[in-house]
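>
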Amino acid sequence: IKDKVPVAIFSMEMPGEQLAMRMMSSLGRIDQHKVRTGKLDDDDWPRLTSAVDLLNNARIFIDDTPGLTPAELRARARRIKREHDLGLIVIDYLQLMQVPGNRESRANEISEISRSLKGLAKELEVPVMALSQLNRSLEQRPNKRPVMSDLRESGAIEQDADLIVFIYRDEVYNEDSPDKGTAEIIIGKQRNGPIGTSRLTFLGQYTRFENHIPADGYGEGYA
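Take 238 as the starting number for the sequence shown in the numbering used here and just add one per residue.
Right, dumping it as structure tokens:
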């Protein structure tokens, strides 16, 4: 945002207004509930003003049209690229895209969507970040850290992606977790680099991730 990199966000799950509120909360470090209700404390207002200024000057283009097809998304991305240039495309989330016509299976549809996004990244020479659902079956096993096979309709995604990143927060599954406020960032695939796990601090009230500083005061690398 501060570097004013043009970003296109295709938010098929969350309305644009709600996404903007979350951005304000994250940038201003203001509790989401306060932003939604407008019940701000005196010291929240300067941070909110600063966050709004940042967003006003940011080159972020949000399209919250539901159920876009690959062709529709490609046309919209091309237009933004032509008019504003583009540094990043974000899709939330891949399984909410639609493929017109009948298909043999949803897995085949996801395969077509995945290939189209790969082609879009190559055509526009812009990285595409596509969020994906996970299979619910992972909740049935003791270790709930996601792995590649947990990607819903995963075959094509696993093959097409250059980088696959999972987020795991132990406190979601274990109330007594010693890692509250910590998110594990699991690199499941990296075509041109190492895989492994790193940690970030997760500030849930702001929907914000920050560099993790463990108790000994030293930063962490890959585990």
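Using N, Cα and C, we set each Cβ at its ideal position, and we do this for glycine too.
On a predicted model such as this, the values are computed, not experimentally measured, just so you know.
Mind pulling the alpha helix (DSSP H) runs of 4 or more residues that sit fully within the region 304-376?
Listed in chain order, the complete alpha helix (DSSP H) runs (minimum 4 residues) inside the region 304-376 are 307-321 and 343-361.
> Quick one: residues in its chain with C-beta nearer than 6 Å to the C-beta of ALA257, no 5 flanking neighbours on either side, listed in chain order?
Here the set comprises nothing.
> Would you decide whether ILE432 is buried or exposed? Buried here means 16 or more other CB atoms lie within 10 Å of its CB.
ILE432 comes out exposed.
> Here's the rule I'm using: 16 or more other beta-carbon atoms within 10 Å means buried, otherwise exposed. How should ILE267 be labelled?
Buried, because 16 or more other Cβ atoms sit within 10 Å of the Cβ of ILE267.
> Which runs of the alpha helix (DSSP H) fall wholly inside the region 376-403 and span at least 4 residues, in chain order?
Complete alpha helix (DSSP H) runs here, min 4: 391-397.
> Check whether the Cβ of GLU254 lies closer than 8 Å to any Cβ atom in chain C.
The structure shown contains no chain C; it is built from a single protein chain.
> Tell me which same chain residues have a C-beta within less than 6 Å of the C-beta of VAL336, skipping the five on either side of it?
Closer than 6 Å at the Cβ level, and outside the excluded window around VAL336, lie GLU346 and GLU349.
> For TYR410, count neighbouring C-beta atoms within 10 Å of its own C-beta (all shown protein chains included) and say buried if the count is 16 or more, exposed if not.
With fewer than 16 other Cβ atoms within 10 Å, it is exposed.
> Can you grab the Cα-Cα spacing for the pair ILE238 / ARG389, in whole Å?
Near 31 Å, if we compare the C-alpha coordinates of ARG389 and ILE238.
> Count the other C-beta atoms from every protein chain shown that fall within 10 angstroms of the C-beta of ASP413, then say buried if there are 16 or more, exposed otherwise.
Burial call: exposed.
> Considering only residues of the same chain and omitting the five flanking positions on each side of LEU325, which have a CB-CB separation below 7 Å?
Closer than 7 Å at Cβ, skipping near neighbours: VAL242, VAL244, VAL363, PRO364 and MET366.
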